[in-house]
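Protein sequences, first through last, are from chains A and B.
If you want the working numbering, it's the 1-based position in the first sequence plus 119.
If you want the working numbering, it's the 1-based position in the second sequence plus 181.
No residue lacks a Cβ here, since even glycine has one placed at the ideal position from N, Cα and C.
In this text, all values refer to a predicted model and were calculated from it rather than measured experimentally.
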Amino acid sequence: DIQMTQSPASLSASLEEIVTITCQASQDIGNWLAWYQQKPGKSPQLLIYGATSLADGVPSRFSGSRSGTQYSLKISRLQVEDPGIYYCLQGYSAPFTFGSGTKLEIK
Amino acid sequence: EVKLLESGGGLVQPGGSLRLSCAASGFTFTDFYMSWIRQPPGKAPEWLGVIRNKANGYTTEYNPSVKGRFTISRDNTQNILYLQMNTLRAEDTAIYYCARLDTFYYWYFDFWGPGTMVTVSS
């Protein structure tokens, strides 16, 4: 199985700050990486697919990048509605696997 | 508008069985792969399995963690996805989501239902 190592586990940042979350894949998965945001009591919502493509309706302050087998989600200016848990997902091969999650809070 | 709505969750004793349903609307159901994903309280999601679309013969593939105990099926006349769960264990306690799998290029879950809670306990 492909392991997705996500960091940090938790993060506290101020409004308007830049936030970066990373996922490291255990093997090459190309751009087969998606990012999700989950708010309490809700299902995960798609933010980024194909490592860098913004999903419909997602604010442009969210962006994704890739360097080898390391993937990053960046929030350029943290807003009050951004706290939640963020997960990465590899869709390269089954069993599809998620990162362990990053809990983002406002400082 | 794409909608997915799970039902059938509840409290079940260890060793018991449960069948979950997911009603889909707003898209051509037979065109899409569909998956079940679960999330234990406070933990990351876990993909359980997939059932392919009409073009790929509605075949299935499972996570080895549940293979042999869980079965995914679909009713393409009523646009319903099913998850049959047998020999349930305490560690199967989780919120169970159905999700549509976008496979047109990169693969990812583009729409999820709100989930249904399954609790396995005596």
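Residue-chain proximity (residue i, chain A), Cβ-Cβ < 8 Å
| i | result |
| --- | --- |
| Asp291/B | yes |
| Asn237/B | no |
| Pro221/B | no |
| Tyr278/B | yes |
| Glu242/B | yes |
| Trp288/B | yes |
| Pro195/B | no |
Between the CA atoms of residue j and residue i - distance to the nearest angstrom
| i | j | result |
| --- | --- | --- |
| Gly296/B | Leu186/B | 7 Å |
| Gly149/A | Thr216/A | 15 Å |
| Ala205/B | Gly190/B | 17 Å |
| Val247/B | Gly218/A | 19 Å |
| Trp288/B | Tyr211/A | 7 Å |
| Glu182/B | Phe292/B | 10 Å |
| Thr274/B | Pro222/B | 8 Å |
| Thr124/A | Thr221/A | 11 Å |
| Asp120/A | Asp147/A | 12 Å |
| Phe285/B | Asn234/B | 12 Å |
| Ser191/A | Gly183/A | 6 Å |
Contacts of residue i in chain A (Cβ-Cβ under 7 Å)
| i | result |
| --- | --- |
| Gly296/B | Ser162 |
| Pro226/B | Pro163, Tyr206, Phe217 |
Residue i at chain B interface by Cβ criterion, 8 Å
| i | result |
| --- | --- |
| Leu130/A | no |
| Phe217/A | yes |
| Leu223/A | no |
| Pro178/A | no |
| Gly210/A | yes |
| Ala153/A | yes |
| Pro214/A | yes |
Which listed residue (the options) has its alpha carbon closest to that of residue i
| i | options | result |
| --- | --- | --- |
| Phe251/B | Ala236/B, Phe210/B, Arg219/B | Arg219/B |
| Thr171/A | Ser162/A, Ala153/A, Pro159/A | Ala153/A |
| Gly176/A | Pro202/A, Glu224/A, Gln164/A | Gln164/A |
| Thr258/B | Gln265/B, Phe210/B, Tyr277/B | Phe210/B |
| Gly196/B | Leu269/B, Gly294/B, Tyr278/B, Phe292/B | Leu269/B |
| Asn267/B | Glu182/B, Phe292/B, Tyr287/B, Arg200/B | Arg200/B |
| Leu264/B | Gly223/B, Ser188/B, Phe213/B | Ser188/B |
| Cys142/A | Arg185/A, Gln157/A, Leu134/A, Ser179/A | Arg185/A |
Within chain B, the residues that residue i reaches when beta carbons sit closer than 8 Å
| i | result |
| --- | --- |
| Tyr168/A | Asp283, Tyr287, Tyr289, Asp291 |
| Pro159/A | Result: empty, since nearest Cβ-Cβ is about 11 Å, beyond 8 Å. |
Chain B residues whose Cβ lies nearer than 7 Å to that of residue i
| i | result |
| --- | --- |
| Gly220/A | Ala225 |
Under 8 Å between C-beta atoms of residue i and residue j
| i | j | result |
| --- | --- | --- |
| Tyr206/A | Ala225/B | yes |
| Tyr277/B | Val299/B | yes |
| Leu208/A | Val138/A | no |
| Phe181/A | Ile204/A | no |
| Val231/B | Ser216/B | yes |
is_contact[residue i, chain D] using C-beta, thresh 8 Å
| i | result |
| --- | --- |
| Leu165/A | The structure shown contains no chain D; the protein chains it does contain are A and B. |
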